[in-house]
Amino acid sequence: MYRFRGQKKKFSFREKLLLLLFLIIFAASVTWLIVYRVNAAENEAQMAALRASALSSSQVPSSSTPQPSSQVKSAAASSASSAVSSTVRAFPQLQAKNSDIKAWIQIEGTAVNYPVMQTPKEPEYYLHRNLAKQAESRGLPFLDVKSDLKKSKNYLVYGHNMRDGTAFAGLLGYLDKSFCKKHPIIHFNTQNGTGDYQVIAEFRSKIYRTDSKAFKYYQYADIETKNHFDTYIKNVKKRADYDTGLTASYGEQLLTLSTCYQFVKNGRLVIVAKKVK
1288 MYRFRGQKKK FSFREKLLLL LFLIIFAASV TWLIVYRVNA AENEAQMAAL RASALSSSQV
1348 PSSSTPQPSS QVKSAAASSA SSAVSSTVRA FPQLQAKNSD IKAWIQIEGT AVNYPVMQTP
1408 KEPEYYLHRN LAKQAESRGL PFLDVKSDLK KSKNYLVYGH NMRDGTAFAG LLGYLDKSFC
1468 KKHPIIHFNT QNGTGDYQVI AEFRSKIYRT DSKAFKYYQY ADIETKNHFD TYIKNVKKRA
1528 DYDTGLTASY GEQLLTLSTC YQFVKNGRLV IVAKKVK
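Each residue of the sequence shown is one higher than the last, beginning at 1288 in our numbering.
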């Protein structure tokens, strides 16, 4: 039977149900996006306040007297160094806010500027939690439970690779050798002192099956012996995507950063650096 012009089409029950489902999904998606953005803003505000707290103890009154360019450059370098070292002086304040803060990591020119957490009883506690210990997708960088800041020769730190560029997303820049040349230093400070680490290698890996005999970088978070150290460096350099011209010898302190990188299933991007200052 033909419909007359102007006659409205009647939707079937199935069509109405599909439309209702679509509207529910759309509303849920919009709600999720709003909640995500609000949470992200709140967490960034938390981090901004924490960074300000870490830097507050190093503020130096500025001078209105003109200075030669050489003095300006020297002052800028001194200011940058002071800003980094201030986190060490601020550790009592930081740990008063959250006693799980064990270090602070920063890579100049990137968004990497975060406290590093460690929770021995629940190793991945901050995988999806913020500074206030609330559920949050990006979490916080955290130190492997086997990395002892007092004796381990390798500090292994994990962090998310977030699409919005936060957390450890900035590490993806090291896939490019030119980026590594421009950002060779990683600042890793603890309550025991400051640390400047120079990148010696970047490589791609994955999480392997437990019975696999492949090199598993994540099993080297507690390096203590020379043999263990040499084996680690040998495998790291062997898998590096490019040559930095640098290596490390037993006795030098290492810092390893790990983040997700889905070039394969369960893929990881790993940055290895050694302490130079």
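Note that beta-carbon positions come from the ideal geometry of N, C-alpha and C, so glycine has one too.
Status (buried if at least 16 other CB within 10 Å, exposed otherwise) for residue i
i, result
"Gly1482", "buried"
"Arg1416", "buried"
"Ser1499", "exposed"
"Arg1496", "exposed"
"Leu1304", "exposed"
"Gln1346", "The predicted position of Gln1346 is uncertain, since its pLDDT is 39 and thus under 50; no value can be drawn from it."
"Asn1479", "exposed"
"Phe1298", "exposed"
"Asn1441", "buried"
"Glu1302", "exposed"
"Gln1358", "Here Gln1358 scores only 43 on pLDDT, less than 50, and its place in the model is too uncertain to base an answer on."
"Ile1473", "buried"
"Gln1316", "Note that residue 1316 is Ser in the sequence shown here, rather than Gln. Burial call: exposed."
"Glu1331", "exposed"
"Thr1352", "Only weak support is given to the placement of Thr1352: the predicted model assigns it a pLDDT of 38, under 50, and the question is left unresolved by the model."
"Thr1531", "buried"
"Ala1377", "buried"
"Leu1381", "buried"
"Phe1516", "buried"
C-beta contact flag for residue i and residue j at 8 Å
i, j, result
"Leu1458", "Leu1556", "yes"
"Ser1434", "Asp1387", "no"
"Tyr1507", "Tyr1519", "yes"
"Pro1428", "Ile1394", "no"
"Leu1418", "Thr1477", "no"
"Phe1455", "Thr1546", "yes"
"Ala1578", "Lys1561", "What the structure shows of the chain is the stretch from 1288 to 1564, and residue 1578 is not part of that stretch, so it cannot be assessed."
"Arg1425", "Thr1453", "yes"
Cβ separation of residue i and residue j, assumed to be a contact under 8 Å, to the nearest whole Å
i, j, result
"Lys1389", "Leu1337", "Their Cβ separation, rounded to whole angstroms, is 14 Å, which puts Lys1389 and Leu1337 out of contact at 8 Å."
"Tyr1461", "Phe1475", "At roughly 15 Å, the Cβ-Cβ gap does not stay under 8 Å, so Tyr1461 and Phe1475 are not in contact."
"Val1432", "Gln1405", "7 Å"
"Val1403", "Val1444", "6 Å"
"Val1563", "Thr1543", "Not a contact, Cβ separation roughly 16 Å."
"Lys1464", "Tyr1529", "4 Å"
Per the contact definition of three or more C-beta pairs closer than 8 Å, is the segment 1487-1494 in contact with the segment 1437-1452? These segments do not touch.
Jot down the residue ranges of each uninterrupted beta strand (DSSP E) in the segment 1436-1499, minimum 3 residues, whole runs only, in chain order. Runs found: 1441-1445, 1472-1477 and 1483-1493.
Touching or not, the segment 1520-1528 and the segment 1490-1501, by the rule of three or more beta carbon pairs under 8 Å? yes
Inter-stretch contact at 8 Å, needing at least 3 Cβ pairs: the segment 1403-1414 / the segment 1510-1517: no
Just to confirm the assignment: which complete alpha helix (DSSP H) runs, minimum length 4, are found wholly within the segment 1512-1546? 1513-1526
Jot down the residue ranges of each uninterrupted alpha helix (DSSP H) in the segment 1378-1419, minimum 4 residues, whole runs only, in chain order. 1378-1384
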